[in-house]
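The sequence shown stops at residue 97 when you use the UniProt record's numbering, and every number in between is there. C-beta atoms are modelled at their ideal positions from N, C-alpha and C, and glycine is treated no differently.
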Amino acid sequence: MTCYLNFEDIALGLSVHAYKRRTQRGIQQQHIAHLLRFGRKQFHRHAIYYSIGHKEINKYADICPMLKNMNGMHLVTATNGKVLTMFRNRDFSLLKK
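Written as structure tokens, this is what we have:
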């Protein structure tokens with residue numbers, strides 16, 4: 001499969017794998033920006049996970065009402081900031097292992 005990244009995806013630091021997952025899962029570019037800005041940041045397995053859950057939705061409801069639609073969304077970056085992958089899963093216990 002040939003992937004052609006546009007300028008916005010490159011500016012967000014998406015890897016080819018992350019771009020593929022973004023398009024497969026219907027994740028918009030502004031979702032990525034919101035995850036990086038409002039997401040819970042956790043260091044896990046030599047990567048940084050940004051996650052949106054109920055706590056973030058309630059905390060930032062006045063600033064960004066769009067977060068309601070992002071419940072359970074996760075973004076994984078390398079320590080240098082490159083976006084490796086993204087997924088949806090409302091089970092946050094997976095990150096605690």
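Its chain contains Gly-81, Lys-82, Val-83 as the residues whose beta carbon lies nearer than 6 Å to that of Gly-13, once the 5 sequence neighbours on both sides are disregarded; these appear in chain order. Setting aside the 5 residues that flank it on each side, Ile-32 is surrounded in the same chain by Leu-12, Leu-14, Arg-22, Leu-75, Val-83, Met-86, each with a C-beta closer than 8 Å to its C-beta; the list follows chain order. For His-74, the secondary structure class from DSSP, reduced to helix, strand or coil, is strand. Under the criterion of beta carbons closer than 8 Å, Met-70 and Ile-52 qualify as touching, at roughly 4 Å.
Excluding residues up to 5 positions away in sequence, nothing lies with its Cβ nearer than 7 Å to the Cβ of Asp-91 in the same chain. When only Cα atoms are considered, Tyr-50 and Arg-40 end up about 5 Å apart. Contact annotation: Met-66 and His-46 have beta-carbon atoms that are not nearer than 8 Å. Distance between His-44 and Arg-88, taken at the CA atoms: about 17 Å.
Across the set Ala-78, Arg-37, Thr-79, the C-alpha of Arg-37 shows the shortest separation from the C-alpha of Lys-59.
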